[in-house]
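Step one of this worksheet: look at the structure below.
Chains as they are written, first to last, in my numbering: chain A, 6 to 487; chain B, 6 to 487.
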């Protein structure tokens, strides 16, 4: 068969194979390494390819958060009551629009088992709760709220429980997670080939994926995969053209979360083999203003001086609201008592003034829009109430201490960070699906190469979470197929 | 080659062809018929397939609006000054995020020529301007504002000109348009086959599309297309599964604009042949509250009683703002002087009250949110000003005459109408593109089978507009290829 994109070759063209295995895993981040471990445990001979000089990918650079729940030992030790049902309710409300219950349900049902699987691979979690803003950047607690479970409106939809599970280490938490997983993959007998880039999938006459053409510094290799190929090659945030074509709003975010290998190759390989890509417009859009939490006592306002979101929402929800729903323009209004510099990224101050009226005027907000907003907010905040957006009482404080300031949240002036969430459509076993719903025989995928549990709404830990969960499943399904 | 979806067959499988032509057009709506006319004019032997019992498709059921400009004779006769440059500025601002200049630029540059092409095919346009709300439903004027050209913020970006060109007839305007185009196709010598469904594209060993397998009530036919196939088979609003998977917010719209044949078959055929689908989340989302224009003197407010959009914006912009940015929840606040029942669809009244405070309370808006909003709005409206959203002065009137009412704009209670805008990626010649950018040889597309000039932001007439424009180009390019 002619190869429309160079990403697919006909089996007939392959005169001989240079290497053989049962399961070929493309990409050695969290998803790929978990696939390799499980495929090898199921008795398969496994080869893991990675384009980089070492395994780990974007996962190794990450905060090491895993979104787990349903009543894990860490949750219990920290005194939180959770169940798969409450976790499911939260995720179906927070991961939309229209998260796929076929993926979310097993993810919740088997989350405690998944936690134990990590522990069995030596990954340490300290049974201590971090009270801060979504991630313990300078300490080693094992559990935190990593989404909006405990804030409005989600605390009305499902019983709140923290589900961000973090590897026990003060820094380089993602690196620690991957160290243990890579060690487990090596122990399992999976073979690793670094600086190997998958250039094409090899497809048999009946449509089955039977191997890959791979390029290393030594040249081209044809690797037969007797049972299946798992695509776990990351997302496409570092492919400007794909971002512009599919998710152009993400191009407005100054910080890209990923490595240069997040160029969409895995998705394109899957498409070339007959898979379908879905929700390619979606992405995590974070506005990392917090920590410190003090700033949550300020208020978000739009260009008209109106509030639009409870300020205790997860930074991914805040980013999404400003960039997608406010056209990428908003301010965080603070007073002298509340203001501290954010720890993660620099900020720009749009205006400082001795009165709200003056601040309003400097921001070009038609009077008395901002004054009305502050009057209303302060009156209720004094009583510990937020009738508009239901921010938690501990962040409610009248903003009355001059000078007042507006932190500029315009996309071009604030640091938004982004990675892609769209990708190949998979079933609950990690099999890649064709547009009409049948599987592409012999092809599996996991992690950001796929559209996973988060279809737009995101909470920290969901990417390592679904990458590892469906990576395991994909590895096992591949090993058991054929 | 094995056919993963049944939508692609290898040329080797085709022992003999049942029919031959130069250009095969799949779908006989506006895009397909225009492709057929131009392919035949270029000397090609053309066959047009349609699954229905007659040509016309969704186009024949439409309002017959064509988005044309740059200085057409109708614009000139009505006293409006327009240029391709101003049209381009509007479209690049209004058709995003990130409309494709490679499509928008020729669309604007050649729009006057495109107008003359319709006139040469006998399509009548009355040189009279309709002042109403986006479409003359009960009269026959030939020109109207069909988008937001004349309202904020677009009137600050480009010199406003109306560009909705409408066929001259009081009702069934789309049907009249298609009558003339179908007659032109017949005159051109294109052959029509009705009740013929394209089941698969036939692809040669070098990746070129060389024909199709077609099913009619008489059975299966293999049709060779020596120069190319044009996919013009509509969008996917009537395919629930595709909508759910790619554009789930559109499923919240009660009215689907299309026919049952808008099931995405054209897009899926293009994917199977190696094309790429982009911006599959996008769609026109209209909130057809107007006519009558009187209601524009009311104000949109969100659940907190805050305004969020100038009420004189195009109904597609209003629908988009409420459904995508306000979570599908909003009200239109009116007083007794302003209120009249909309003409197109029924509405639900969320509350009626003798005072704004009472209305606010009935709507569950925390006081004094709505009162503050009205106080501010009324104070400025009295002076003919709208400092927040810059609604046109003729729609500004203090809302002070009880009883006051709130029209419910919740997605489940108001009629939103929708059709899909995502589809195959094409170049300016109408050639279908692969993910990495090369064309799929022998394959062309136009209309709602493609992602066209409107990447989310929409103005009426853009679908017949780009369908006809790129349909013509696709037909010509196919006829001249090979």
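Built from N, CA and C at the ideal position, the CB exists for glycine as well.
Kindly indicate which three-state DSSP category residue i falls into: helix, strand or coil?
i, result
"residue 339 of chain A", "strand"
"residue 226 of chain B", "strand"
"residue 520 of chain B", "Since the first residue shown for chain B is 6 and the last is 487, residue 520 of chain B is missing from the structure and cannot be characterised."
"residue 454 of chain A", "helix"
"residue 350 of chain A", "coil"
"residue 233 of chain B", "strand"
"residue 124 of chain A", "helix"
"residue 248 of chain A", "helix"
"residue 6 of chain B", "With a pLDDT of only 38 at residue 6 of chain B, under the threshold of 50, the placement of this residue in the model should not be trusted, and no figure is reported."
"residue 416 of chain A", "coil"
"residue 180 of chain B", "helix"
"residue 94 of chain B", "helix"
"residue 18 of chain B", "helix"
"residue 88 of chain B", "coil"
"residue 308 of chain B", "coil"
"residue 164 of chain A", "coil"
"residue 207 of chain B", "strand"
"residue 13 of chain A", "strand"
"residue 38 of chain A", "helix"
With a threshold of 6 Å on Cβ separation, who are the neighbours of residue i within its own chain once the five nearest residues in sequence on each side are excluded?
i, result
"residue 135 of chain A", "141, 146 and 149"
"residue 403 of chain B", "383, 386 and 387"
"residue 6 of chain B", "Here the model assigns residue 6 of chain B a pLDDT of 38, short of 50, so the residue's position is not dependable and the matter cannot be decided."
"residue 227 of chain A", "19, 22, 23 and 218"
"residue 478 of chain B", "434 and 435"
"residue 189 of chain A", "42 and 126"
Which one or two residues does DSSP pair with residue i in a beta bridge?
i, result
"residue 170 of chain B", "B:71 and B:148"
"residue 444 of chain A", "A:438"
"residue 282 of chain A", "A:429"
"residue 288 of chain A", "A:425"
"residue 51 of chain A", "A:28"
"residue 202 of chain B", "B:220"
"residue 261 of chain A", "A:423"
"residue 214 of chain B", "B:208"
"residue 135 of chain B", "B:149"
Which residue comes first and which comes last in the alpha helix (DSSP H) that contains residue i?
i, result
"residue 324 of chain A", "320-325"
"residue 485 of chain B", "467-485"
"residue 255 of chain A", "Segment: none, residue 255 of chain A is in no alpha helix (DSSP H) and carries neither H nor E."
"residue 464 of chain A", "From DSSP, residue 464 of chain A is part of no alpha helix (DSSP H); its letter is neither H nor E."
"residue 78 of chain A", "78-82"
"residue 62 of chain B", "62-66"
"residue 56 of chain A", "It is not in any alpha helix (DSSP H) - residue 56 of chain A carries neither H nor E in the DSSP assignment."
"residue 272 of chain B", "270-277"
What is the residue span of the beta strand (DSSP E) that residue i lies within?
i, result
"residue 412 of chain B", "409-413"
"residue 113 of chain B", "Element bounds for residue 113 of chain B: not the beta strand (DSSP E) but the alpha helix (DSSP H), 106-114."
"residue 197 of chain B", "196-198"
"residue 25 of chain B", "24-31"
"residue 405 of chain A", "Residue 405 of chain A -> no beta strand (DSSP E), and no H or E assigned at all."
Verify the CB distance criterion: does residue i have a CB-CB separation below 8 Å to chain C?
i, result
"residue 293 of chain B", "As a matter of chain content, chain C is missing from the structure shown, whose protein chains are A and B."
Tell me which same chain residues have a C-beta within less than 7 Å of the C-beta of residue i, skipping the five on either side of it?
i, result
"residue 467 of chain B", "72, 458 and 459"
"residue 85 of chain B", "166 and 167"
"residue 326 of chain A", "313 and 314"
"residue 278 of chain A", "13, 206, 208, 214, 445 and 448"
Cutting at 8 Å between CB atoms, please list the residues of its own chain near residue i, excluding the five before and the five after it.
i, result
"residue 115 of chain B", "474"
"residue 193 of chain A", "41, 42, 45, 46 and 51"
"residue 101 of chain B", "460, 461 and 462"
"residue 311 of chain A", "374 and 378"
State yes or no: is the C-beta of residue i nearer than 7 Å to some heavy atom of the ligand COA?
i, result
"residue 455 of chain B", "Although the ligand COA was asked about, the structure shown includes no ligands whatsoever."
#### Entry: Segments of 3+ residues assigned as beta strand (DSSP E) that fall wholly inside the stretch 354-383 of chain A
354-358
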